[in-house]
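Numbering (full-length UniProt numbering), first residue to last: 1 to 147.
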């Protein structure tokens, strides 16, 4: 198994980052404007839709200001069963995110694309919490011919 890993720091309290990761409004502000939730909190399913497709994620864990963990339950075959893990750490005036999209079966070309897209969306999240304006899809940075 292989993983996508990123680290980014945001100059805001961890509670603000956590809110952007756990509310429909927050998620729609940095990832995709077409975000819906079936149920709140652990056990709920988040539905994300993009022009090129979409996926559903089950919320497995939420620890306020510390961690969010999702499991992909619907979407591209390469994503099904993978986990998206957000570890938050307050370091002075910064919140450091250690991001993992883990459990890929093999490092296929789609994984390379997704790694770069995750980086652009992490920067969108940073922009949202630091300035109040993110760059969710459809206004995200287009990186290649797949989006």
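Every residue gets a Cβ at the ideal spot worked out from N, C-alpha and C, and that includes glycine.
Just reading off the beta strand (DSSP E) that residue 111 is part of, what are its end residues?
Under the DSSP assignment, residue 111 falls outside any beta strand (DSSP E), being part of the alpha helix (DSSP H) whose first and last residues are 109-131.
For residue 42, the three-state DSSP class (helix, strand or coil):
Residue 42 falls in the coil class under three-state DSSP.
So, at 6 Å on beta carbons, what are the nonlocal neighbours of residue 90 in its own chain, with the 5 sequence-adjacent residues on each side left out?
A distance below 6 Å between beta-carbons, with the five flanking residues on each side excluded, links residue 90 to the following residues of its chain, in chain order: 14.
Do you know how far the Cα of residue 31 is from the Cα of residue 129?
Rounded to the nearest angstrom, the two C-alpha atoms are 13 Å apart.
Pairwise C-alpha distance: residue 79 and residue 44:
Cα to Cα, residue 44 sits roughly 18 Å from residue 79.
Should the segment 16-24 be called in touch with the segment 104-120, which here means at least 3 C-beta pairs below 8 Å?
As far as the Cβ criterion goes, the segment 16-24 does not touch the segment 104-120, which means the pair count is below three.
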